[in-house]
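The UniProt record's numbering numbers the first residue of the sequence shown as 153 and each following residue consecutively.
In this text, a Cβ means the ideal position worked out from N, Cα and C, and glycines have one as well.
Just so you know, these numbers come straight off a predicted model, no measurement behind them.
In what follows, a single structure is set out as structure tokens and then discussed.
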Amino acid sequence: DHGLSEADPHVRTIIDKEKQRQFRSLELIASENFTSRAVMEAVGSCLTNKYSEGLPGKRYYGGNEYIDELETLCQERALAAFHLDGKKWGVNVQPLSGSPANFEVYTALLNPHDRIMGLDLPHGGHLSHGFMTPKRRVSGTSIYFESMPYRLDESTGIVDYDMLEKTAILFRPKLIIAGASAYPRDFDYPRMRKIADAVGAFLMMDMAHISGLVAASVVADPFEYCDIVTTTTHKSLRGPRGGMIFFKREPVLGVDLESAVNNAVFPGLQGGPHNHTIGGLAVCLNYAQSPEFKAYQKKVVSNCRALADRLIELGYKLVSGGTDNHLVLVDLRPLGIDGARAEKILDMASITLNKNSVPGDKSALVPGGIRIGSPAMTTRGFTEKEFIATADFIHEGVKLTLEAKRSVSGSKLQDFMKFIGSSDFTLMGRVSD
Ligand code: PLP
Numbered sequence: 153d154h155g156l157s158e159a160d161p162h163v164r165t166i167i168d169k170e171k172q173r174q175f176r177s178l179e180l181i182a183s184e185n186f187t188s189r190a191v192m193e194a195v196g197s198c199l200t201n202k203y204s205e206g207l208p209g210k211r212y213y214g215g216n217e218y219i220d221e222l223e224t225l226c227q228e229r230a231l232a233a234f235h236l237d238g239k240k241w242g243v244n245v246q247p248l249s250g251s252p253a254n255f256e257v258y259t260a261l262l263n264p265h266d267r268i269m270g271l272d273l274p275h276g277g278h279l280s281h282g283f284m285t286p287k288r289r290v291s292g293t294s295i296y297f298e299s300m301p302y303r304l305d306e307s308t309g310i311v312d313y314d315m316l317e318k319t320a321i322l323f324r325p326k327l328i329i330a331g332a333s334a335y336p337r338d339f340d341y342p343r344m345r346k347i348a349d350a351v352g353a354f355l356m357m358d359m360a361h362i363s364g365l366v367a368a369s370v371v372a373d374p375f376e377y378c379d380i381v382t383t384t385t386h387k388s389l390r391g392p393r394g395g396m397i398f399f400k401r402e403p404v405l406g407v408d409l410e411s412a413v414n415n416a417v418f419p420g421l422q423g424g425p426h427n428h429t430i431g432g433l434a435v436c437l438n439y440a441q442s443p444e445f446k447a448y449q450k451k452v453v454s455n456c457r458a459l460a461d462r463l464i465e466l467g468y469k470l471v472s473g474g475t476d477n478h479l480v481l482v483d484l485r486p487l488g489i490d491g492a493r494a495e496k497i498l499d500m501a502s503i504t505l506n507k508n509s510v511p512g513d514k515s516a517l518v519p520g521g522i523r524i525g526s527p528a529m530t531t532r533g534f535t536e537k538e539f540i541a542t543a544d545f546i547h548e549g550v551k552l553t554l555e556a557k558r559s560v561s562g563s564k565l566q567d568f569m570k571f572i573g574s575s576d577f578t579l580m581g582r583v584s585d
């Protein structure tokens, strides 16, 4: 049995190149992070070999005594990391990732074509919250359930709770979803709870982006108000790629959430759990209870604020005017450029972030903004000083984007991409390999 370098040098080389890329670049994608060596060791272990359909103590395969011990430990650590009383809350740690976890909740609580309301994708929501366009039901969620998104108040960049309430009273959803992929503020859980109660809906929070911040109590606690909380495990929480579903133990609206969720995960939508991921997650959730983790999450927020303040000083318009969490959303439209062009130029300078739609955008392919997150570089040891310098680097990239846009003949995105790939652009002197 050979190691990777001998058994498959091609894959080894690709991994090494990706490692170099991660090492070299300023990683500012808000949903990414660098997990620990300890987590990666668990993920790369023999746990990947084992089938264990079912739950601890109730498996469909033999040889699961250690896997039972591991999954039970992972569940206990998950509840402890989020300060939950095991008599009131339970958790399923088997979801393969965030989108499956969300779909599992929908199939647990709803019948096909029941109505749901989540934050609209162009306003910061996630595909799995029910996104559809006027022409197409894009995600499985919008194909199998009837979705009516709520939106931001475009003048403030804050969720329009009044409109959510009015729409919910007319639409009568069975599930309201809090949570987002690109929203720099906290959700108003008490308000959402009131709205859900008024229309007889379940309230779910998808805390994927901010679960690390929730565990460290540096943002509001969704567990106080929601019936179900889902999360990915690989973003601010800094674990392996995976998902979790937390559920209240007592019945809600006549539904036993525990058995509904557990059955939706298996046998509803999944087969054997990924035990190597559950091993890595257990390691991550132990670390999430440490003082170092809390200090890290505080820094994620203060670093993000420093970045936001500097960008504002440099004249940028931020959606909602700032941030309370780990990300900022910059509206580039006042400068006459868009997120797609800026993302590309910054990528060439090894500054990795993503184009993002901002309220009022017409096109999802050429959106008007960029999303910038602080978790990954905070893991790499950045302080406020480095994040201020990062804002200055981004500013240079934006200026170069403007300059390049002016030099392009033609207004299409393809014209721009062609130009910056040409020698004329490298002659502009500042971005080359
Ligand atoms: N939920 C939210 C809020 C997200 O931002 C994401 C991913 O970015 C997901 C769910 C989906 O997670 P995954 O990509 O693991 O399916």
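- Secondary structure at GLU179: strand, using DSSP grouped into helix, strand and coil.
- For ALA334, there is no enclosing alpha helix (DSSP H), as DSSP marks it with neither H nor E.
- Given a length threshold of 4 residues, each whole run of the alpha helix (DSSP H) inside the region 273-342 is given here in chain order: 292-296, 313-323.
- According to the DSSP secondary-structure assignment, ILE397 is paired through a beta bridge with ASN244, THR382.
- DSSP, reduced to helix, strand and coil, places MET569 within a helical segment of the structure shown.
- The Cβ-Cβ distance between ASP340 and TYR296 does not fall below 8 Å.
- For LYS496, the enclosing alpha helix (DSSP H) stretches over residues 491-500.
- Contact between GLU410 and PHE398 is absent: CB atoms are separated by about 11 Å, not below the 8 Å threshold.
- For the region 202-267, the full-length alpha helix (DSSP H) segments reaching 4 residues or more read 217-233, 250-261 along the chain.
- Non-local beta-carbon contacts of HIS154 in its own chain, meaning distances under 6 Å to residues more than five positions away in sequence, are absent.
- Taking 8 Å as the cut-off, the Cβ atoms of ALA434 and ARG229 count as close.
- Annotation: the continuous alpha helix (DSSP H) that includes ARG462 extends over 443-465.
- Three or more Cβ pairs closer than 8 Å define a contact, and the region 174-190 falls short of that threshold against the region 406-422.
- In the DSSP secondary-structure assignment, VAL518 is not bridged to any residue.
- Rounded to whole angstroms, the separation of the alpha carbons of ASP373 and VAL366 is 6 Å.
- Just measuring C-alpha positions, the residue of PHE568, HIS235, GLY250, THR293 sitting nearest ASN263 is THR293.
- ILE522 and PRO208 have their C-alpha atoms some 43 Å from each other.
- Taken atom to atom, the span from the alpha-carbon of HIS426 to that of LYS318 is near 42 Å.
- Spanning the alpha carbons of GLY309 and GLY206 requires a straight line of approximately 44 Å.
- Secondary structure note for LEU481: its beta strand (DSSP E) is the uninterrupted segment 479-483.
- Checking the DSSP bridge columns, you'll see GLY525 partnered with LEU479.
- Counting along the chain, the unbroken alpha helix (DSSP H) around MET192 starts and ends at 189-195.
- Sequence-distant Cβ neighbours of GLY549 in its own chain, meaning closer than 7 Å and more than five residues away, are ALA494, ILE497, LEU498, ALA501, ILE503.
- About 17 Å separates the beta carbon of MET344 from that of ALA360, a gap too long to meet the 8 Å contact definition.
- Annotation for ALA528: GLU179, LEU180, ILE181, GLU184, ASN185, PHE186 place their beta carbon closer than 8 Å to its own, counting only its chain and skipping 5 residues before and after.
- Shortest gap from the CB of HIS361 to any heavy atom of ligand 1: under 7 Å.
- With at least 16 other beta carbons inside 10 angstroms of its own, GLY431 counts as buried.
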